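J.: At position 55 of the sequence shown (counting the first as 1) the number is 134 in the working numbering, and the numbers step up by one without a gap.
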Amino acid sequence: MRLARIEEVVEAHRSRRRLAARLGPAGEELFADAFQVAVHWWTRMPDTTRWVQRAWAAGLGAREVRAAPLVIYPEAAELARAMLGFERIGQRDAVGRARWLKGMEKVMDDPARPAGRHRLVLAVGHNRIASGTGSLDQRSYLPWQLGMTAAEM
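1. Give the range of the alpha helix (DSSP H) segment to which Glu90 is assigned.
2. Suppose you measure from the CA of Asp126 to the CA of Ala141; what does that come to, to the nearest Å?
3. Roughly how many angstroms lie between the CA atoms of Ala136 and Arg93, to the nearest whole one?
4. Going along the chain, which residues of its own chain have a beta-carbon closer than 6 Å to the beta-carbon of Ala146, five neighbours each way excluded?
5. I'd like the span of the alpha helix (DSSP H) that includes Leu158, first residue to last.
6. Would you report the Cα separation of Arg81 and Val118, rounded to the nearest angstrom?
7. Please report the residue range of the alpha helix (DSSP H) in which Ala136 lies.
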């Protein structure tokens, strides 16, 4: 599969690698959780324009399950960075969460958006990786799995 026409996926992978290099296991966990959230989004709205365009650019069908990991990768990387920012700010009250969620909704809703060594103290429930090896779904505590129907999530 050629990725030349979907450079944002390649850049997202670079972003993931930088996150893991900076934060080690915490970076991997953040990305795994972000990826699982993106899987959840894709399952509910696979016809999101940018995801359809990425699937087609890779020569895949828009609703093919095997297209999902590729097409959601940029949003997963962006969400992981946003999650890191949220953890660092430490504003976990209702107002802080609402503000952060509103910002994330803008990221997903913006059709014009380009598809583009610290010790991290994580919030309760985000203090270890579910599995040190394996696929992204095995590294995340979130229960959503690629291929599940929306009703199963």
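Note that beta-carbon positions come from the ideal geometry of N, C-alpha and C, so glycine has one too.
In this text the structure is predicted, and so the values were computed from the model without any measurement.
T.: In this structure, then:
1. Glu86 to Leu102
2. 7 Å
3. 20 Å
4. Ala134 and Leu139
5. Ala147 to Ile168
6. 22 Å
7. Thr128 to Ala136
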